[in-house]
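A.B. asks:
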Amino acid sequence: MPEPKLASFSDLSPAEDDFLGDVIAGLSASPKSLPCKYFYDAHGSKLFDQICELPEYYPTRTETALMREKAGEMAAVIGPGVQVLEYGCGSIEKVRVLLDALEEPASYIAVDISREHLRAAAENLAHDYPALQVHALCTDFSQDFDIPEGIPGERRVAFFPGSTIGNFETQAAAAFLKRIAAHVGKGGGLLIGADRKKDEAVLYDAYNDSAGVTADFNLNLLTRINNELGGDFDLSAFTHDAPYNVEDGRIEMFLISSRDQVVKLGNRMFEFAAGERIHTENSHKYEIEEFQDLARNAGFAPKQVWSDAAALFSVHYFEVE
């Protein structure tokens, strides 16, 4: 057995986030907002893992079951000898179901912004798949970037699971899909998860769980501001709510001030009225035809789509023609 090792590691030196600047800008805006990318410190990531195990939170387990059930069909339509490119790969676990089903995949490119986590996860994958060339690419996938040349594969197929596309605003989602189309090129493919529109109560419960884990996840953003930026948010004076906006087809996550209050951050003061909201995240839901139209406008042709029996979630395969 060959010695397991990474094919290569490329660090595109993604720009450091300006946490303080982004928080000040968001809290100075009207209405107030905070970027959802700051949810994921170590504690936030653990809370999100807990969310994925909640009985109300259907997306993760539904997509996982769908991938396991239909991996053979997905592999058949994708074809042999491909290079797999995964955006925001995290711990590089979801792709294993696909890699196990594909016929002789040539290589795998893992793209993530978390440098050390990416390197460790890619090394683990290379250890478990010694015949697969594994390449780790450290960059912010939400920004434009170039993929290194010389990585084997007859065709490039992008993989973007988890309905993360729903966190993009519609225009940003369209722009991101266009970048994916450019990355995979003519004849290249995209396997992507998208959460479906459904009963409003099912959606509400998924983001407002009875155990309060999603509330803790949302409030952890304020804890980060207190701990890392010297803020003085009183967490007991804010509550979580994530209603479904039927007109825009999305869950909208908020932190709501329960009283009139002033929050200090450095030498700045931010006033909150009772009931005032901080917008922290959107999660767009798409009907199958709606998402296919979005992809078509980005240069993709729908090839196949899979959904569960309850019509909760969909996994799409597209190709650039």
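Counting along the sequence shown from 1, when you hit position 66 you're at 63 in our numbering, and nothing is skipped either side. Every residue gets a Cβ at the ideal spot worked out from N, C-alpha and C, and that includes glycine.
Could you tell me which uninterrupted beta strand (DSSP E) segments, each at least 3 residues in length, are contained entirely in the segment 42 to 101, listed from first to last along the chain?
C.D. replies: The qualifying runs are 80 to 84.
A.B. asks: Once you ignore the five residues that flank Gly146 on each side, which residues in its own chain have a CB closer than 7 Å to its CB?
C.D. replies: Inspection of the sequence shows that residue 146 is occupied by Glu rather than by Gly. Taken in chain order, the list of residues that qualify is empty.
A.B. asks: Go ahead and label Lys261 buried or exposed: buried means 16 or more other beta carbons lie within 10 angstroms of its beta carbon, across all protein chains shown.
C.D. replies: Burial call: exposed.
A.B. asks: Do Arg152 and Ser311 have their C-beta atoms within less than 8 Å of each other?
C.D. replies: The answer is no: Cβ separation not under 8 Å.
A.B. asks: Here's the rule I'm using: 16 or more other beta-carbon atoms within 10 Å means buried, otherwise exposed. How should Ser207 be labelled?
C.D. replies: The residue in question, Ser207, is exposed, as its Cβ has fewer than 16 Cβ neighbours within 10 Å.
A.B. asks: Taking just the CA atoms, how far does Gly76 sit from Leu218?
C.D. replies: The alpha-carbon atoms of Leu218 and Gly76 are separated by roughly 42 Å.
A.B. asks: Could you pull out every residue in the same chain whose Cβ sits closer than 6 Å to the Cβ of Val243, ignoring the five residues on either side in sequence?
C.D. replies: There are no such residues.
A.B. asks: Hey, would you say Leu309 sits closer than 8 Å to Lys175, going by beta carbons?
C.D. replies: Cβ atoms of Leu309 and Lys175: not closer than 8 Å.
A.B. asks: Who does Ala298 pair with in a DSSP beta bridge?
C.D. replies: Glu316, per the DSSP bridge assignment.
A.B. asks: In this structure, how does DSSP classify Gln140 when only helix, strand and coil are distinguished?
C.D. replies: Note: Gln140 maps to coil in three-state DSSP.
A.B. asks: Report the rounded CA-to-CA distance for Arg256 versus Ile106, giving the unit in angstroms.
C.D. replies: So the alpha carbons of these two residues sit roughly 48 Å apart.
A.B. asks: Report, in whole angstroms, the separation of the C-beta atoms of Ala98 and Ala72, which I expect to be a contact under 8 Å.
C.D. replies: Rounded, the Cβ-Cβ distance is 4 Å, consistent with contact.
A.B. asks: Rounded to a whole number of angstroms, what is the C-alpha to C-alpha distance between Trp303 and Met266?
C.D. replies: So the alpha carbons of these two residues sit roughly 50 Å apart.
A.B. asks: Is the distance from the Cβ of Phe6 to the Cβ of Val81 below 8 Å?
C.D. replies: Not a contact, by the Cβ cut-off of 8 Å.
A.B. asks: Are the segment 231 to 245 and the segment 48 to 63 in contact at 8 Å, needing three or more beta carbon pairs?
C.D. replies: Touching, no, given that fewer than three Cβ pairs across the two stretches are closer than 8 Å.
A.B. asks: Return yes when the Cβ of Gly186 is within less than 8 Å of the Cβ of Val154, no when it is not.
C.D. replies: Result yes, Cβ atoms of Val154 and Gly186 sit closer than 8 Å.
A.B. asks: For His180, count neighbouring Cβ atoms within 10 angstroms of its own Cβ and tell me buried if that reaches 16, exposed if not.
C.D. replies: His180 comes out buried.
A.B. asks: For Ala12, which of helix, strand or coil comes out of DSSP?
C.D. replies: Three-state DSSP puts Ala12 in coil, outside helix and strand.
A.B. asks: Evaluate His281 with the Cβ neighbour count: other Cβ atoms within 10 Å of its Cβ, from every protein chain shown; 16 or more gives buried, anything less gives exposed.
C.D. replies: By the neighbour-count rule (16 or more Cβ atoms within 10 Å), His281 is buried.
A.B. asks: Taking Cβ to Cβ, would you say Ala68 is nearer than 8 Å to Ile89?
C.D. replies: No, Cβ-Cβ distance for Ala68 and Ile89 is not below 8 Å.
A.B. asks: Under the three-state reduction of DSSP, which class applies to Leu291: helix, strand or coil?
C.D. replies: Correct three-state label for Leu291: helix.
A.B. asks: Could you pull out every residue in the same chain whose Cβ sits closer than 6 Å to the Cβ of Asn223, ignoring the five residues on either side in sequence?
C.D. replies: Only Phe230 meet the Cβ criterion.
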